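Chains A and B, in that order, give the protein sequences. Quick note on my numbering: the first sequence kicks off at 1 and runs consecutively. Quick note on my numbering: the second sequence kicks off at 1001 and runs consecutively. Below is one structure, written out as structure tokens, with a few remarks after it.
Number of protein chains: 2
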Amino acid sequence: MKNENILKAKGYKITRPRVAVLDLLTKQTKPLSVKEIFVKLKREHDLASIYRILKLLEEVEITFAEAIGGEKYYHLGKDQHHHIVCQKCGHVECLPCNHLFNKIKNFTNIKHQLTLTGVCNKCNNN
Amino acid sequence: MKNENILKAKGYKITRPRVAVLDLLTKQTKPLSVKEIFVKLKREHDLASIYRILKLLEEVEITFAEAIGGEKYYHLGKDQHHHIVCQKCGHVECLPCNHLFNKIKNFTNIKHQLTLTGVCNKCNNN
DNA sequence: ATTCTACTTGCAAATGATTTGCAATTGTGT
DNA sequence: ACACAATTGCAAATCATTTGCAAGTAGAAT
């Protein structure tokens, strides 16, 4: 199902800023920070609205977010893939599994972090 | 080498707050947020100092940090292991590889994020 | 043990990311 | 085109983190 239809199906309106964010994310090959999205959309939309839109898109599972160095980065889609981030300049690249070892050659001093999230027992019970 | 000696060897002083943070981290079995460290130390030390201490400890590789949902969590040591985080309450558990599948049984709706960090080509060249 | 000095801390204020309240605006069904 | 609820834009609040600076303290020298 097309992303806009997912929104519509759940009763959300198709608004200019939402379309703008979706269209922008569709073109990306790497995750964007909220600020980057704001700027790439030429500051035509309110930053707070972009935050709200991204949170909504995350809730309906059109996008997903990752915390990289104190900032959230957003992505379309659910296909699992990963990232490699420069410790100095913050440059981010996507890391589909089959490219992993090629990309890694371009970095030194490699470290990794794996974080799983789920819903814990306690939260499942109330 | 003992952690305090690592500091001393690099010319840093062994101060009350630094010892307090190190001692606290030594007792933990899970990563702590800065706020948690501040509270567990009974607010006896300045929050800004704790930030500075943790940043220092990270630089000299006594601790390492991970961004979990917009907040940094700190750990002693370099041994690689991972975390599972409740999406609702933020509860964090450590995930040594050999325990991975046991822990996962206590969570539902599991997703994962792998982030590698390194130093990229550009940063290596200047 | 006392003094000296540079490194550290504590406090307050700044910064950066994100959230929230609210009035004005705008999709969407009728 | 109308009406209403959902959504946006703006401003102000909040939360994590950083920074400037004066006062305090660890550790070397005396």
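Glycine included, C-beta positions come from ideal geometry on N, C-alpha and C. Computed from a predicted model, the values in this text were never measured in an experiment.
task = Can you tell me which of 1053(B), 1003(B), 1111(B) and 1048(B) puts its alpha carbon nearest to the alpha carbon of residue 118(A)?
result = Minimum Cα distance to residue 118(A) is reached at 1111(B).
ask   = Cβ of residue 1044(B) less than 8 Å from any chain A Cβ?
value = Cβ-Cβ to chain A under 8 Å: no for residue 1044(B).
query = Hey, is residue 11(A)'s beta-carbon within less than 8 Å of any beta-carbon in chain B?
reply = Taking CB atoms only, residue 11(A) has no neighbour in chain B less than 8 Å away.
query = How about residue 7(A) and residue 60(A): are their beta carbons less than 8 Å apart?
reply = Judged by beta-carbon spacing, residue 60(A) lies within the 8 Å limit of residue 7(A), meaning their Cβ atoms are closer than that value.
request  = List the residues that DSSP assigns as beta-bridge partners of residue 95(A).
outcome  = Bridge pairing for residue 95(A): 82(A) [DSSP].
task = May I ask which residues mark the beginning and end of the alpha helix (DSSP H) holding residue 5(A)?
result = 3-9 is the extent of the alpha helix (DSSP H) around residue 5(A).
task = Could you tell me whether any Cβ in chain A is nearer than 8 Å to the Cβ of residue 1028(B)?
result = Residue-level contact by beta carbon fails for residue 1028(B) and chain A, as no gap is shorter than 8 Å.
message = I believe residue 113(A) touches residue 1115(B) by the beta-carbon criterion, under 8 Å. Please report the beta-carbon distance rounded to the nearest angstrom.
response = Contact between residue 113(A) and residue 1115(B) is confirmed by a C-beta separation of about 5 Å, below the 8 Å threshold.
ask   = Exposed or buried, residue 13(A), counting other C-beta atoms within 10 Å across all chains shown (16 or more means buried)?
value = With fewer than 16 Cβ atoms within 10 Å of its Cβ, residue 13(A) is classed as exposed.
query = Helix, strand or coil: how does DSSP classify residue 1076(B) here?
reply = In the three-state scheme derived from DSSP, where H, G and I count as helix and E and B as strand, residue 1076(B) is classed as strand.
query = Can you name the start and end residues of the beta strand (DSSP E) that residue 111(A) belongs to?
reply = In the DSSP assignment, residue 111(A) falls within the beta strand (DSSP E) that extends over 107-120.
message = So, at 6 Å on beta carbons, what are the nonlocal neighbours of residue 1072(B) in its own chain, with the 5 sequence-adjacent residues on each side left out?
response = Same-chain partners within the cutoff: 1065.
query = By Cβ distance below 8 Å, which residues in the same chain neighbour residue 95(A) in space, the five residues on each side in sequence not counted?
reply = Excluding positions up to five away in sequence, the list reads 81, 82, 83, 84 and 103.
query = What three-state label does DSSP hand residue 14(A) in the structure shown?
reply = Look at residue 14(A) here: in three-state DSSP terms it is coil, with no helix or strand label.
message = Looking at the secondary structure, which residues open and close the beta strand (DSSP E) in which residue 1036(B) lies?
response = The continuous stretches of beta strand (DSSP E) do not include residue 1036(B), which lies in the alpha helix (DSSP H) extending over residues 1034-1040.
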